[in-house]
Amino acid sequence: QVQLVESGGGLVQAGGSLRLSCTASRTFGGYNMGWYRQAPGKEREFVAGFSRSGRNTYYADSVKGRFTISGDNAKNAVYMQMNSLKPEDTAIYYCNADSIETSGRYWGQGTQVTVSS
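Each number in my numbering comes from the position in the sequence shown (counting from 1) with 38 added on.
Here it is in structure tokens:
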């Protein structure tokens, strides 16, 4: 089992940037890691992720070229740099870890990102 804690959300104007951080309670070498988001009245959706090896990264079409996911194994941390933010990026952002071994799925508590126009 792994606990996840997000930070870095906030209020920013359109065109601005934010960097989200997710700290895991243990090494995430056995997990696929990612970020999801949920806007009011909408379902939670995938935003970005990387495989356990770290060699493969994946992005939703809506954020390609603007968001970058990265990880730091030494700090058990996952980051997402978000640039050129748009009002439609407003949502609660959740860090996610999917266990390769057990298929367990774990979530952080979420961090609010609000982009004003």
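Even glycine gets a Cβ: it sits at the ideal position worked out from N, Cα and C.
From the DSSP output, in three-state form, read off ASN111 for me.
Locating residue 111 in the sequence shown gives position 73, where the first residue counts as 1. Looking at ASN111 - three-state DSSP - the assignment turns out to be helix.
Less than 6 Å between C-beta atoms, sequence neighbours within five positions excluded: which residues of the same chain meet that for THR106?
The residue given as residue 106 occupies position 68 in the sequence shown. So the list reads GLN119, once near-sequence residues are dropped.
Among the candidates GLY54, GLY53, GLY68 and SER63, whose CA atom is the shortest distance from the CA of GLU139?
For the purposes of this step, residue 139 is taken as the residue at position 101 of the sequence shown. Out of GLY54, GLY53, GLY68 and SER63, GLY68 has the C-alpha closest to the C-alpha of GLU139.
Tell me the rounded alpha-carbon separation between VAL85 and ALA98.
As a first step, residue 85 is located in the sequence shown; it is residue number 47 there, counting from the start. As a first step, residue 98 is located in the sequence shown; it is residue number 60 there, counting from the start. Looking at the two C-alpha atoms, the distance is approximately 5 Å.
At the level of alpha carbons, what is the spacing between SER63 and PHE88?
By one-based count along the sequence shown, residue 63 stands at place 25. By one-based count along the sequence shown, residue 88 stands at place 50. The alpha-carbon atoms of SER63 and PHE88 are separated by roughly 18 Å.
With distances taken between CB atoms, is the gap from SER122 to GLY53 smaller than 8 Å?
Here residue 122 corresponds to residue number 84 of the sequence shown, with the count starting at 1. Here residue 53 corresponds to residue number 15 of the sequence shown, with the count starting at 1. The answer is yes: Cβ separation under 8 Å.
Provide the residue(s) that pair with SER137 in DSSP beta bridges, ordered along the chain.
Here residue 137 refers to the residue found at position 99 when the sequence shown is read from its first residue. Per DSSP, TYR69.
Three-state secondary structure (DSSP) at GLU83?
Taking the first residue of the sequence shown as position 1, residue 83 is located at position 45. Correct three-state label for GLU83: strand.
Look up LEU58 in the DSSP assignment and give the residues it is bridged to.
One-based indexing of the sequence shown puts residue 58 at position 20. Note: LEU58 sits in a beta bridge opposite MET118.
Would you please state the rounded distance, in angstroms, between the beta carbons of TYR131 and THR149? I believe it to be under 8 Å.
On the sequence shown, position 93 is the one that residue 131 refers to. On the sequence shown, position 111 is the one that residue 149 refers to. Rounded, the Cβ-Cβ distance is 5 Å, consistent with contact.
Quick one: using the 10 Å Cβ neighbour count with 16 as the cut-off for buried, is ASN111 buried or exposed?
Numbered from its first residue, the sequence shown carries residue 111 at position 73. Exposed is the call here.
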